[in-house]
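Written below as structure tokens is the structure these notes are about.
In mature numbering (1 follows the signal peptide of the UniProt record, and there is no 0), the protein residues as written are -36 to -1, 1 to 444.
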């Protein structure tokens, strides 16, 4: 397969300023250190594939086979590769003749061979021997350094043999690229411009001098043993986020960083409980566009009320339950976007045949709120009783306090049979299957042919989260 996109490698020091004049925009460019440019495999501009259709069913609707990857940083990879397939990425601009390092991120159970070329094979950059990595999602990076004359090219990746997966290709100019402890990128999934940094403090001027852009950082790679602290303001003030490892999309902090500190990672005790099952980076990867109300810290705090949640069985089962619950919560809220139901009715009723059991508080409404969209006065009373909260008198607490919102979702997941036969937690840990969690939440509205599209949407989220967490669906049916 082959791949296409715009790469510009710059030499020496470059600063870019926008000078506004009437009717036009002037772009002044000075020289700057050469940078590494990464093309994600799925972002090709042209291709040849030997089979019709996208076998992986992800990202694009053409013949190239794309799936969700388990590689660090998430995103997608091209797979099901057979000999003679290719991908092309256009407009690789080499500013000066010299040595450049080509790096391929690949995986292969038994080994394979790829080659890289320019301009449809007119210039061969050589073969890359892909070692046996032990599995389709066991990733490694192979590289070679080649001499390239200055010019603009189309960059091609060619499959000499079958049996390998492809995640990204990187072109690194001499003296630049990802040699720093931290590399920041313009776009999610490590696309666009990039800039490398070693340990130190970088205000907005230092960031831009080294190739980054103010309020334009969206993904980041951090070397083991280090952390990057991104700040909203130019002087290390305002909101901040601390990142360790790779983050393919800096959730809730995309295009916000104006200063950064790179330092040795502070010592924290090993993660325990839910945090040992789903890391904050994985949570961010699952919900890159979530509402800031839905915090990871709030979720971790809520799990203390239900320690059996994602805490039962072996690690695979714990991850499976976390993926199942978060997939259903994602579906109920549009990817953790909605905190409250759009149609905010009163939802007040006699839920158990005894009006005195849970009378609606004057002026209060019991519309859907939180990750499970808790609805109706009876459910607010029952959840509040279980959690030691007066949610009948103050249902708004579910949309005001992230921990309470997560607690109500876990209350339903762990204890309520809903429209099904058992709580969703039991369906996962007893091997009844993901489909039975759907039945508990929405019953015949979706199951038994009620709405196959909604069922499939939940299954798609479940499979995506399983891939992120590196576990399997386990026994039982996915559907209902």
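Using N, Cα and C, we set each Cβ at its ideal position, and we do this for glycine too.
This structure is a prediction, so every number in the text was calculated from the model and none was measured.
Where residue i sits in the DSSP three-state scheme
i	result
residue -10	Note on residue -10: pLDDT 22, under 50, position unreliable in the model; the coordinate value appears next. Note: residue -10 maps to strand in three-state DSSP.
residue 435	coil
residue 402	helix
residue 294	helix
residue 285	helix
residue 132	strand
residue 110	strand
residue 33	coil
residue 157	strand
residue 69	strand
residue 367	helix
residue 415	coil
residue 63	strand
residue 442	coil
residue 336	coil
residue 207	strand
residue 93	strand
residue 408	helix
residue 426	helix
residue 372	helix
residue 421	helix
residue 385	coil
Environment of residue i [buried if 16+ CB atoms lie within 10 Å]
i	result
residue 203	exposed
residue 385	exposed
residue 310	exposed
residue 298	exposed
residue 428	buried
residue 425	buried
residue 236	exposed
residue 390	buried
residue 61	exposed
residue 301	exposed
residue 111	exposed
residue 420	exposed
residue 15	exposed
residue 432	buried
residue 172	buried
residue 26	exposed
residue 290	buried
residue 435	buried
residue 187	buried
residue 337	buried
residue 444	buried
Endpoints, beta strand (DSSP E) assigned at residue i
i	result
residue 190	190 to 195
residue 174	Careful: residue 174 lies outside any beta strand (DSSP E) and carries neither H nor E.
residue 184	183 to 186
residue 58	50 to 58
residue 150	146 to 151
residue 25	Premise fails: residue 25 is in no beta strand (DSSP E) and is neither H nor E.
residue 257	It is not in any beta strand (DSSP E) - residue 257 carries neither H nor E in the DSSP assignment.
residue 81	76 to 82
residue 116	115 to 123
residue 42	40 to 42
residue 273	It is not in any beta strand (DSSP E) - residue 273 carries neither H nor E in the DSSP assignment.
residue 512	Any property of residue 512 remains undetermined from this structure, which presents the chain solely from -36 to 444.
Anticipated Cβ contact below 8 Å, residue i with residue j, distance rounded
i	j	result
residue 4	residue 155	6 Å
residue 70	residue 104	6 Å
residue 52	residue 120	5 Å
residue 399	residue 442	6 Å
residue 185	residue 210	5 Å
residue 106	residue 94	6 Å
residue 401	residue 392	7 Å
residue 438	residue 284	5 Å
residue 175	residue 226	Not really, about 14 Å apart at Cβ, beyond 8 Å.
residue 375	residue 335	So it is not a contact: roughly 11 Å between Cβ atoms.
residue 274	residue 241	5 Å
residue 30	residue 6	5 Å
Extent of the continuous alpha helix (DSSP H) to which residue i belongs
i	result
residue 351	341 to 351
residue 264	260 to 267
residue 226	No alpha helix (DSSP H) contains residue 226, which is instead part of the beta strand (DSSP E) from 223 to 228.
residue 200	No alpha helix (DSSP H) contains residue 200, which DSSP labels as neither H nor E.
residue 320	Careful: residue 320 lies outside any alpha helix (DSSP H) and carries neither H nor E.
residue 393	388 to 393
residue 246	244 to 250
Beta-ladder partner(s) of residue i, from DSSP
i	result
residue 1	135
residue 314	Note: residue 314 sits in no beta bridge, so no partner.
residue 88	81
residue 12	50
residue 104	70
residue 304	333
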